[in-house]
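**Student:** Chains as they are written, first to last, in our numbering: chain A, 296 to 588; chain B, 296 to 588. Even glycine gets a Cβ: it sits at the ideal position worked out from N, Cα and C. What follows is a single structure, and I will ask about it in a moment.
2 protein chains.
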Amino acid sequence: MAIINPSSNYGTVAIVGVGLIGASLGLALKKAGVVNEVLGVGRSAPNLDQALKIGAIDAVVDLAKAAQQADVIVLCMPVAQMRAAFEAIEPHLEPRTMITDAGSTKGDVILAAKEVLGKKACQFVPAHPIAGGAQHGASAAKADLFEGKQTILCPLQENSPQDIDLIEGFWQSAGSVVKKISCVQHDAIYAAVSHLPHLLSYALMASVVNSEDADQKLSHVGAGFKDFTRIAASSPEMWRDICLGNRTAVLKELDQYLLIVNHMRKLIAENDGSGLEKLFNKASKARQDLDGL
Amino acid sequence: MAIINPSSNYGTVAIVGVGLIGASLGLALKKAGVVNEVLGVGRSAPNLDQALKIGAIDAVVDLAKAAQQADVIVLCMPVAQMRAAFEAIEPHLEPRTMITDAGSTKGDVILAAKEVLGKKACQFVPAHPIAGGAQHGASAAKADLFEGKQTILCPLQENSPQDIDLIEGFWQSAGSVVKKISCVQHDAIYAAVSHLPHLLSYALMASVVNSEDADQKLSHVGAGFKDFTRIAASSPEMWRDICLGNRTAVLKELDQYLLIVNHMRKLIAENDGSGLEKLFNKASKARQDLDGL
Numbered sequence: 296m297a298i299i300n301p302s303s304n305y306g307t308v309a310i311v312g313v314g315l316i317g318a319s320l321g322l323a324l325k326k327a328g329v330v331n332e333v334l335g336v337g338r339s340a341p342n343l344d345q346a347l348k349i350g351a352i353d354a355v356v357d358l359a360k361a362a363q364q365a366d367v368i369v370l371c372m373p374v375a376q377m378r379a380a381f382e383a384i385e386p387h388l389e390p391r392t393m394i395t396d397a398g399s400t401k402g403d404v405i406l407a408a409k410e411v412l413g414k415k416a417c418q419f420v421p422a423h424p425i426a427g428g429a430q431h432g433a434s435a436a437k438a439d440l441f442e443g444k445q446t447i448l449c450p451l452q453e454n455s456p457q458d459i460d461l462i463e464g465f466w467q468s469a470g471s472v473v474k475k476i477s478c479v480q481h482d483a484i485y486a487a488v489s490h491l492p493h494l495l496s497y498a499l500m501a502s503v504v505n506s507e508d509a510d511q512k513l514s515h516v517g518a519g520f521k522d523f524t525r526i527a528a529s530s531p532e533m534w535r536d537i538c539l540g541n542r543t544a545v546l547k548e549l550d551q552y553l554l555i556v557n558h559m560r561k562l563i564a565e566n567d568g569s570g571l572e573k574l575f576n577k578a579s580k581a582r583q584d585l586d587g588l
Numbered sequence: 296m297a298i299i300n301p302s303s304n305y306g307t308v309a310i311v312g313v314g315l316i317g318a319s320l321g322l323a324l325k326k327a328g329v330v331n332e333v334l335g336v337g338r339s340a341p342n343l344d345q346a347l348k349i350g351a352i353d354a355v356v357d358l359a360k361a362a363q364q365a366d367v368i369v370l371c372m373p374v375a376q377m378r379a380a381f382e383a384i385e386p387h388l389e390p391r392t393m394i395t396d397a398g399s400t401k402g403d404v405i406l407a408a409k410e411v412l413g414k415k416a417c418q419f420v421p422a423h424p425i426a427g428g429a430q431h432g433a434s435a436a437k438a439d440l441f442e443g444k445q446t447i448l449c450p451l452q453e454n455s456p457q458d459i460d461l462i463e464g465f466w467q468s469a470g471s472v473v474k475k476i477s478c479v480q481h482d483a484i485y486a487a488v489s490h491l492p493h494l495l496s497y498a499l500m501a502s503v504v505n506s507e508d509a510d511q512k513l514s515h516v517g518a519g520f521k522d523f524t525r526i527a528a529s530s531p532e533m534w535r536d537i538c539l540g541n542r543t544a545v546l547k548e549l550d551q552y553l554l555i556v557n558h559m560r561k562l563i564a565e566n567d568g569s570g571l572e573k574l575f576n577k578a579s580k581a582r583q584d585l586d587g588l
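In structure tokens form, the structure reads like this:
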């Protein structure tokens, strides 16, 4: 195992799941010159080939090999598969090997890590890079995907300050701005600003497609509808896992949202224009402020 | 009153409400060279001044004068104000003067027109230009706002074929592509693809802003949240009127939507991954097809 210097080199990095995030991370780390070798682990041979072709990874290995050879293992697959990954890694995990991840939910991944890794959970520093796009796969990867974007770190009590610093430096090397918050805060915030909007956007598309005059409706959509439903083009598998992985927080945010929607429904049914305008005003002002930020 | 030749000149046009739509219409008609004079009617003196300044209108008049002098009157104010406009226009309406509108809802406007104008309702050819933007007011107006965009015409049984042709030519002159559908169809379609998304987008902003950790949440929003809520920056007054004006269709679409959302809620609560993925898949496929159109 290579000696790790947090400011300059992370040795051998294994990226597990070389989709948009994983392959972009490989490109970013190599562009930054902070790795000796990038190993790729994945389910899809064509995608691994693509990652090799664009230079996001240097070699394809299995998870056991990755655990044995890597200095840093990064889990970039859908969050529901992370428990199985921890199980495959655990028997081969070297004491100085660090693990981080790119999962959009943190509570469920941390629970899996603690249950599977036991005492070795101190080697896992959970992360969530806020980057992505409508396109999937290594073919959509780009070296600057993380540039200037936030990566949320949710360190465990078990992590040593040195290990947290190392993983912070690792994500900074990929171009991102690191912010540390608790996993509970993380899951509540992203349930509200990301997971719930995806759910609601999928629901509108499903509702329109299920209606009798679906074709008529779809032929009349404008820019507003397209903006609102853009995130409904996202990976169904990934968002299924996120909604289930962050179930408690998503349901809480959804129920708060449904209170507002049902209140609006009542205002419309009762023809209460001033009540409706008051709510719309508050929302409109907040949205305008958001663009002003 | 000038003689109207549908293919070339609409004489004196009165635009009632010189906001983004009204002022852009004035600019478009003048650019196309199909009007002798554009009269402006409005509530806001600064906005009327602005419309004069950019040349969207040539003179400011009141509604009675507009009704007396114009060959074509175009109602471009929020739909809830249209009944009062018909009332002000009716006593002064010349037999050959045509009325059209730019309202986002049609059933309520048509009902108001029939109740107020009586037999003169045959002079009203309802329209809905599908154009707009996040910005309001004459200062945001542009001559090409309607260029290549659809204008939906919902002719009344009372309209003569000649009058329908005239108003079709009128909206075409402004640059738009005219499509004719019934007002019931129009209201159902736009409830689903425009009015409901606005309501849901306002609701999400209101829900986030109402939450205890609103500032934290708002500091973590990304591109997806911004896309989803972009339409929540729209005019609260206008959308209040639209939601109330198209109440029946909006509530129907909302209830269909809530069925899907509550079904998704149940799938999440019961950890039913395959059911959730099936729904997400259907939605994702439909949204991707939309971009392929």
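(1) Using DSSP with H/G/I as helix, E/B as strand and the rest coil, what is M559 (chain B)?
(2) Using a Cβ-Cβ distance under 8 Å, would C538 (chain A) count as near chain B?
(3) Using a Cβ-Cβ cut-off of less than 7 Å, list which residues of the segment 330-341 of chain A approach chain B; keep chain order.
(4) Can you find the residues in the same chain that come closer than 7 Å, C-beta to C-beta, to K475 (chain A), ignoring five residues on each side of it along the sequence?
(5) Comparing alpha-carbon positions, which option in A:V420, A:K437, A:A518 and A:P421 lies nearest G427 (chain A)?
(6) Given a threshold of 16 other Cβ atoms within 10 Å of its Cβ, counted over all protein chains shown, does P479 (chain B) qualify as buried or as exposed?
(7) Exposed or buried, which one is A318 (chain B) when buried takes at least 16 other CB atoms within 10 Å?
(8) Count the other CB atoms within 10 Å of the CB of S303 (chain A); is the residue buried (16 or more) or exposed (fewer)?
(9) S303 (chain B) CB to nearest chain A CB: under 8 Å?
(10) Report the neighbours of Q551 (chain B) on chain A: residues whose CB is nearer than 7 Å to its CB, in chain order.
(11) Within the 8 Å Cβ cut-off, does V545 (chain B) reach chain A?
(12) Which partner residues of V367 (chain B) appear in the DSSP bridge assignment?
(13) For the beta strand (DSSP E) holding L440 (chain A), just list the boundary residues, first then last.
(14) Thinking just about the alpha-carbon of each residue, which of B:V404, B:L554 and B:F419 is nearest to the one in R542 (chain B)?
(15) Let me check one thing: in DSSP terms, what residues is A422 (chain A) bridge-paired to?
(16) Would you identify the three-state DSSP class for L589 (chain A), choosing helix, strand or coil?
(17) Apply the 10 Å Cβ neighbour rule to K512 (chain A) and answer buried if 16 or more other Cβ atoms are within range, or exposed otherwise.
(18) Output, in sequence order along the chain, the residues in the segment 437-466 of chain B whose CB is closer than 7 Å to any CB in chain A.
(19) With 8 Å set as the bound, which would you pick, yes or no: does the beta-carbon of A422 (chain A) sit closer than that to a beta-carbon of chain B?
(20) Determine, using beta-carbon pairs with one atom in the segment 513-528 of chain B and one in the segment 465-472 of chain B, whether at least three such pairs fall under 8 Å.
(21) Is there a Cβ of chain E sitting closer than 8 Å to that of G350 (chain B), yes or no?
(22) List the DSSP bridge partners of A501 (chain A).
(23) Taking the CB atoms as reference points, tell me whether E385 (chain A) and V411 (chain A) lie closer together than 8 Å.
(24) Anything in chain B within Cβ reach of I563 (chain A), meaning under 7 Å, just list it in chain order.
(25) Can you pull the chain B residues whose beta carbon is under 7 Å from the beta carbon of E273 (chain A), in chain order?
(26) Output, in chain order, the set of chain B residues within a Cβ distance shorter than 7 Å of L494 (chain A).
(27) Does the contact criterion of 3 or more C-beta pairs under 8 Å hold for the segment 342-350 of chain B versus the segment 363-380 of chain B?
(28) CA-CA distance, V329 (chain A) and G321 (chain A)?
(29) Does DSSP put V479 (chain B) in a helix, a strand or coil?
(30) Can you pull the chain B residues whose beta carbon is under 7 Å from the beta carbon of K512 (chain A), in chain order?
(31) For a contact meaning CB atoms closer than 8 Å, what does D522 (chain B) contact in chain A?
(32) Residues in the same chain with beta-carbon distance under 7 Å from K401 (chain B), minus the five sequence neighbours each way, listed in chain order, please.
(33) Would you say K326 (chain B) faces chain A, with C-beta separation under 8 Å as the test?
(34) Starting from A435 (chain A), find everything on chain B with Cβ-Cβ shorter than 9 Å and list it in chain order.
(35) For chain B, check one thing: does any of its Cβ atoms lie closer than 8 Å to the Cβ of L320 (chain A)?
**Tutor:** Result, derived from the coordinates:
(1) helix
(2) yes
(3) none
(4) L448 and P450
(5) A:K437
(6) Looking at the sequence provided, one finds Val at residue 479 (chain B) rather than Pro. V479 (chain B) is exposed by the Cβ-count criterion.
(7) buried
(8) exposed
(9) no
(10) S502 and S506
(11) yes
(12) B:V308 and B:M393
(13) Segment: none, L440 (chain A) is in no beta strand (DSSP E) and carries neither H nor E.
(14) B:V404
(15) A:L448
(16) No statement about residue 589 (chain A) is possible, as the shown extent of chain A runs from 296 to 588 and does not include it.
(17) buried
(18) none
(19) no
(20) no
(21) Protein chains in the displayed structure are A and B, and chain E is not among them.
(22) In the DSSP output, where bridge partners are listed per residue, A501 (chain A) has none listed.
(23) yes
(24) C538, L539, R542, V545 and L546
(25) There is simply no residue 273 (chain A) to check, as chain A begins at 296 and stops at 588 in what is shown.
(26) M559
(27) no
(28) 11 Å
(29) helix
(30) I484, A487 and V488
(31) D522, F523, R525 and I526
(32) P421, H423, C449, C478, H481 and D482
(33) no
(34) By Cβ distance, chain B contributes nothing, its closest Cβ being about 14 Å from A435 (chain A), past 9 Å.
(35) no
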